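Working notes for the structure below.
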Amino acid sequence: MKKEELLPGRRALLRGAALATLATTAGCLGTTRSAPPAPAPAGGAPALRRPQKPATYRLRPIAGYGPARSLPASAPVRSKPILRLASRNRTMVLTFDDGPDPRFTPHILRTLRQHHVRAMFFVCGEMAAASPDLLREMVDDGHLIGNHTWTHPQLLRLRRSGVRREIESTSEVVQRTVGEAPLWFRAPYGAWNRDAFEIGAGLGMEPLAWTTDSLDWTEPGTRKVVDNVLRGAGSGVVILNHDAGGNRWQSVEALRIYLPRLLADGYRFGLPQRRIT
Numbered sequence: 001m002k003k004e005e006l007l008p009g010r011r012a013l014l015r016g017a018a019l020a021t022l023a024t025t026a027g028c029l030g031t032t033r034s035a036p037p038a039p040a041p042a043g044g045a046p047a048l049r050r051p052q053k054p055a056t057y058r059l060r061p062i063a064g065y066g067p068a069r070s071l072p073a074s075a076p077v078r079s080k081p082i083l084r085l086a087s088r089n090r091t092m093v094l095t096f097d098d099g100p101d102p103r104f105t106p107h108i109l110r111t112l113r114q115h116h117v118r119a120m121f122f123v124c125g126e127m128a129a130a131s132p133d134l135l136r137e138m139v140d141d142g143h144l145i146g147n148h149t150w151t152h153p154q155l156l157r158l159r160r161s162g163v164r165r166e167i168e169s170t171s172e173v174v175q176r177t178v179g180e181a182p183l184w185f186r187a188p189y190g191a192w193n194r195d196a197f198e199i200g201a202g203l204g205m206e207p208l209a210w211t212t213d214s215l216d217w218t219e220p221g222t223r224k225v226v227d228n229v230l231r232g233a234g235s236g237v238v239i240l241n242h243d244a245g246g247n248r249w250q251s252v253e254a255l256r257i258y259l260p261r262l263l264a265d266g267y268r269f270g271l272p273q274r275r276i277t
């Protein structure tokens with residue numbers, strides 16, 4: 001998220017939206033040490049649509065490569081994003097938005113690897129196309145890749161065709177790079193509308209928001225980011241962090257502080273489970 005833009009709807013999402021949990025297509029959290037799902041049969045690589053012009057604060061796309069699997073089946077169309085996941089054992093989900101960024105993402109991956117923790121990375125397509133090796137590193141480490149649109153636009157200002165281009169092109173570049181399309185989608189700025197829900201579901205993705213915002217995108221100082229995460233910790237909590245979209249050194253340093261502290265306090269970190277039918 002760009003630090004200069006905070007929508008009122010984002011705050012309302014956290015305060016006013018009812019708790020949503022995964023039903024038939026998604027189960028409880030899996031712990032960080034669980035085995036990754038078995039790979040699906042390989043399919044032909046689809047042609048990538050022409051990418052949109054990158055935003056000025058992002059890197060210019062380059063072509064990725066890799067075997068591709070078929071797109072997942074459609075998911076149910078929801079009217080609200082999932083804010084929290086079912087958990088009975090103090091398990092949380094760490095998520096990072098807007099990347100990958102070669103300046104910050106490798107440091108985050110290194111810290112997660114050091115503590116044997118898996119996380120979710122909601123990537124922007126133009127960033128993913130520019131750093132395909134980082135996407136492959138995420139998958140190699142057991143992390144999940146989610147779709148965060150191509151250029152991180154305000155979806156409420158786009159026509160349906162524009163929303164579709166943003167979401168489809170990102171799923172395609174992820175699929176082409178790591179061989180599997182994302183199963184999770186997050187709207188930029190937490191600004192959802194029916195087009196986003198319908199298009200994401202049509203591509204087989206569930207909409208995942210967050211429970212706790214670290215507010216790292218405001219660059220409030222490393223200590224404040226740490227305090228926000230520790231204060232918002234709890235079973236089933238989804239924590240929002242960023243690894244791109246601005247200066248993210250505070251995010252890098254905060255993770256190094258709060259992650260071992262939460263682990264020492266008995267918290268665990270896992271990934272949401274999906275049952276694909």
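My numbering numbers the first residue of the sequence shown as 1 and each following residue consecutively.
C-beta atoms are modelled at their ideal positions from N, C-alpha and C, and glycine is treated no differently.
It should be emphasised that the depicted structure is a prediction, and the values quoted were computed from it without experimental measurement.
| Is it buried or exposed for Tyr189, if we count other Cβ within 10 angstroms and need 16 for buried? | buried
| message | Quick check on the DSSP output: the beta strand (DSSP E) that includes Phe197 runs from which residue to which? | response | Counting along the chain, Phe197 falls outside any beta strand (DSSP E), though it belongs to the alpha helix (DSSP H) covering 194–202.
| said: Using 8 Å as the cut-off, can you tell me whether the stretch 110–118 makes contact with the stretch 155–175, which would need three or more C-beta pairs spanning the two stretches below that distance? | reply: no
| query | Counting pairs of Cβ atoms below 8 Å between the stretch 80–100 and the stretch 231–242, do you hit three or more? | reply | yes
| query | Identify the residues that DSSP records as bridge partners of Glu206: which are they? | reply | Trp184
| request: Could you check the C-alpha separation between Arg60 and Gly245 for me, to the nearest Å? | output: At Arg60 the pLDDT is 28, less than 50, meaning the model places this residue with poor confidence; the figure from the coordinates comes in the next sentence. Rounded to the nearest angstrom, the two C-alpha atoms are 14 Å apart.
| message | Assess contact between the stretch 128–141 and the stretch 88–102, defined as three or more Cβ pairs (one per stretch) separated by less than 8 Å. Is contact present? | response | yes
| said: Is it the case that the stretch 164–184 contacts the stretch 219–234, given that we only count it when at least three CB pairs across the two stretches are under 8 Å? | reply: no
| From Asp98, Glu180, Glu206, Leu144, pick the residue whose C-alpha is nearest to that of Thr151; which is it? | Asp98
| query | If we ignore side chains and look at the alpha-carbon of each, how far apart do Tyr267 and Leu29 end up? | reply | 13 Å
| request: Tell me, please, which residues DSSP counts as bridged to Thr212. | output: Ile239
| message | Rounded to whole angstroms, what is the Cα-Cα separation between Ala254 and Arg157? | response | 33 Å
| query | If you compare alpha carbons, which of Thr211, Val225, Ala129 is closest to Arg176? | reply | Ala129
| Test item: CB-CB of Val178 and Ile145 under 8 Å | yes
| message | I need the straight-line Cα distance from Arg78 to Asp195, nearest angstrom please. | response | 11 Å
| task | Tell me, to the nearest whole angstrom, how far the beta carbon of Pro207 is from that of Phe185; I am working on the premise that it is less than 8 Å. | result | 5 Å
| request: Could you round the C-beta distance between Leu109 and Met138 to whole angstroms and report it? I think they count as a contact, below 8 Å. | output: 7 Å
| If we count the other Cβ atoms within 10 Å of its Cβ and call it buried at 16 or more, is Asp213 buried or exposed? | buried
| query | Between the beta-carbon of Pro147 and the beta-carbon of Met205, is there less than 8 Å? | reply | A small fix is needed here, since residue 147 is Asn in this sequence, not Pro. Taking 8 Å as the Cβ cut-off, Asn147 and Met205 qualify as a contacting pair.
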